[in-house]
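Written below as structure tokens is the structure these notes are about.
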Amino acid sequence: MKLFITGDSHIAAIKRGYHILKGQNDSFGGLEIVFMRTDSEMRKSMYIDALTPKLPKYISLYLRELRKLKLEFHNPDMWVGLSGPMMDSFVTRRPDLDKYAFSDADTEGIPVSKAMREAIVLDDQHHHLELIRELKKAGAKVFVIEAPLPFLELYEKLNLPPEKKVVPFSQLYRQRVKQALAEMDVPLIEIPEHCVNDRGGMKIEYHVGKEDDFHHCSPEYGVLMLKKIIDHFTKVTSTA
Amino acid sequence: MEITDWYIGKYKITNKVIATAGSCFAQHIGRHLYKNGFRYLDTEPPPSFMKRERHNDFGYGIYSARYGNIYTAKQLLQLFDRAHGEYVPEELYWEKDGGYVDPFRPTIEPKPFVDKDELDAQRNYHLSFVREIFTKAHIFVFTLGLTEGWVNKNDGAVYPVAPGVSGGSYDPKKYFFKNFRFNEIQADLIKFMEKVKTINPAMRFLFTVSPVPLMATATNQNVIVATSYSKSVLRAVAGTLAERYKFVDYFPSYEIITTHVNQGMFYNPDKRTIADYGVEHVMSQFFKAHPPPRRAKKRPVEEDDAFDVQCDEELLEAFGEKA
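Quick note, the sequences are listed as chains A and B, same order. The first sequence stops at residue 1067 when you use this note's numbering, and every number in between is there. The second sequence stops at residue 1623 when you use this note's numbering, and every number in between is there.
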């Protein structure tokens, strides 16, 4: 089985994890793993500008790049793994998040209805969900790698209000995307449970360590995530 | 033939804070005021992280608060009273698709609220902004749209659409159809203005009449005849009030669009909705009397093609079925 792993900047940790394992002569459960690079313009448009009018163009470029890597979309032994869906930081890192109330229980702030929350999440993820649809339409089998949860200690440094606002919004954000992925029959590889702290954020020891970086994970986390991916697909292979 | 001097303008509005409400044609007025740098009041802006393309779907940026279309004078008066706690309607929720909608703005969100608590939170928050309008605005622009409405028999609540169309269910024992008369509309608007002036004595009012004809009528008349009656009554009320009060002005958007001289050229091919160039023409007449602020920069708004006027009048077609 061959896995093409691609997506946003969170791929970097997984790729570094891959090299760590490779250095240890890991067999990757017999899976062949390929990381696909994207040029910066495509990456920006594909993974940042959710509602760019150029999105269809970038999706077709993306599919072309995958074909160049000899990805046979209809081959049952090939999977495309995407990071990016469930990356909530464009919303959760907004400094004005504390102005809003995201649940009935939260009485402080501007009430945001469920319909509004859904619209915000689906708009923020529009590009990823479109890409998944197009990939599936082309015959590819797609899985999603969950993006890291917020590092709450770092949000505090940015004066963002983690417990009251960031955690509940991040949870409902991910819940809605999970629903969308389930509707498209797309498997999701979730963050390893032991990487999550009691507060509902990423454990700080898995942070990449750069001072000016508030959401990327370390290669050690990449190892753990990659192992989870490998576990998932070796099980798929053994039950096939 | 170019007709000029449609409108003189009774008082200056250029540097005043302006709020808008009314039937769907009023959306054009607010949008053009904003676009041309007027001090257009939007008390209830969208969440900062909501995409601009979604604003209209959730009733943002359409009027000075998220009240949706207000077709009748009675609705306007009741909105004021509801916002100020002077009137609590007995029916506060309409069921729809397993959730609830606000009977007074049933299409304000694309999906029903999940429960009554969510609806209450949204409504209370919204009404606080309605109150803000009447304290902050200098000019209140209201476009009169309809004389026809649906009324709750028990407490007289007037709804923007017939019960059962966008939520709730139609029950002839609970609701009745009413075609408001000149005296009733005039009395409602006078009462509304008196109430506003107790809060904001300097408030001025600018009335217009929507040139958009009825799509359907619940009367037994031909819809064109019903339209003529409705618009005539509204026009007469607006004119009477403008004549009677120094603080009331009337802008003839209705006449500019509908005059026989223009041979219907400002309508879209559906002969009902107003073409963009028609709206541009109306507003150009308005700006002759009220030039945009000198230092104001033109503000970006959605492209005209993308701007979808939120009009419940299509829903009013159901009126005919219920009559």
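Virtual Cβ for every residue (Gly too), placed ideally from N, Cα, C.
How is residue i classed by DSSP in three states: helix, strand or coil?
i	result
Lys1080/A	Within the shown structure, residues of chain A are numbered from 828 to 1067, placing residue 1080/A beyond reach of any answer.
Thr1443/B	strand
Phe1476/B	strand
Ile1303/B	coil
Met1029/A	strand
Ile807/A	As shown, chain A starts at 828 and ends at 1067. That puts residue 807/A outside it, with no answer to give.
Tyr1550/B	strand
Phe1566/B	coil
Arg1481/B	coil
Glu1614/B	For Glu1614/B, the pLDDT reaches just 47, beneath the cut-off of 50, and the residue's location in the model is therefore unreliable, although a value from the coordinates is still provided. Looking at Glu1614/B - three-state DSSP - the assignment turns out to be helix.
Ile937/A	strand
Asn1024/A	coil
Met1515/B	coil
Phe1413/B	strand
Arg1405/B	coil
Arg1339/B	strand
Ile1329/B	helix
Leu898/A	coil
Tyr1367/B	coil
Quick check: is the beta carbon of residue i nearer than 8 Å to any beta carbon in chain B?
i	result
Arg921/A	yes
Ala946/A	yes
Tyr845/A	no
Ser940/A	yes
Val918/A	yes
Tyr982/A	no
Met943/A	yes
Tyr885/A	no
Ile937/A	yes
Tyr889/A	no
Tyr927/A	yes
Determine the direct distance from the alpha carbon of residue j to that of residue i, and round the result to whole angstroms.
i	j	result
Gly1337/B	Thr1372/B	29 Å
Pro1014/A	Lys992/A	28 Å
Ala932/A	Asp1040/A	32 Å
His1021/A	Gly1467/B	47 Å
Met1029/A	Arg920/A	15 Å
Gly908/A	Glu957/A	15 Å
His1043/A	Ala1421/B	36 Å
Gly1399/B	Glu1010/A	22 Å
Tyr1550/B	Val1458/B	25 Å
Leu1377/B	Ala1487/B	10 Å
Gln1563/B	Ala1326/B	23 Å
Leu949/A	Phe1434/B	36 Å
Gln1002/A	Gln952/A	13 Å
Ala1365/B	Ala1383/B	12 Å
Val1050/A	Leu1008/A	24 Å
Gly856/A	His1059/A	10 Å
On the DSSP letters alone, give me the boundaries of the alpha helix (DSSP H) that residue i sits inside.
i	result
Arg1526/B	According to the sequence shown, residue 1526/B is Ala rather than Arg. Element bounds for Ala1526/B: Val1523 to Arg1544.
Leu981/A	Leu979 to Lys984
Val1401/B	Segment Gly1399 to Val1401 is the beta strand (DSSP E) holding Val1401/B; no alpha helix (DSSP H) there.
Asn1424/B	Lys1416 to Lys1436
Arg1504/B	It is not in any alpha helix (DSSP H) - Arg1504/B instead sits in the beta strand (DSSP E) that spans Arg1504 to Val1509.
Ile886/A	Leu882 to Lys895
Ile847/A	Ile838 to Gly850
Glu859/A	Unbroken run through Glu859/A is the beta strand (DSSP E), Glu859 to Phe862; no alpha helix (DSSP H).
Lys1005/A	Val994 to Glu1010
Glu1395/B	Glu1395/B -> not in any alpha helix (DSSP H); beta strand (DSSP E) instead, spanning Trp1394 to Lys1396.
His1581/B	Asp1576 to Ala1589
Gln952/A	Segment: none, Gln952/A is in no alpha helix (DSSP H) and carries neither H nor E.
His1355/B	Arg1352 to His1355
Beta strand (DSSP E) containing residue i: first to last residue?
i	result
Ala1319/B	Val1317 to Gly1322
Ser916/A	Run containing Ser916/A: none in the beta strand (DSSP E); it sits in the alpha helix (DSSP H), Ser916 to Thr919.
Leu909/A	Met905 to Ser910
Ile972/A	Lys968 to Ile972
Val1035/A	Neither: Val1035/A is in no beta strand (DSSP E) and is coded neither H nor E.
Gly1449/B	Glu1448 to Asn1452
Output yes if chain A places a C-beta closer than 8 Å to the C-beta of residue i; else output no.
i	result
Met1350/B	yes
Ala1421/B	yes
Lys1374/B	no
Ala1606/B	Residue confidence is low: Ala1606/B scores 44 on pLDDT, short of 50, so the model does not pin down where it sits. Its coordinate-derived value is still stated next. No, because no Cβ of chain A sits closer than 8 Å to the Cβ of Ala1606/B.
Phe1429/B	no
Pro1347/B	yes
Phe1505/B	no
Arg1382/B	no
Arg1331/B	no
Tyr1425/B	yes
By the 9 Å beta-carbon criterion, what residues does the stretch 950-962 of chain A contribute toward chain B?
Asp950, Asp951 and His953
Please list the residues of the stretch 1027-1055 of chain A that have a C-beta atom closer than 8 Å to any C-beta atom in chain B, keeping them in chain order.
none
Please list the residues of the stretch 1405-1420 of chain B that have a C-beta atom closer than 7 Å to any C-beta atom in chain A, keeping them in chain order.
Glu1409, Pro1410, Lys1411, Phe1413, Val1414, Asp1417 and Glu1418
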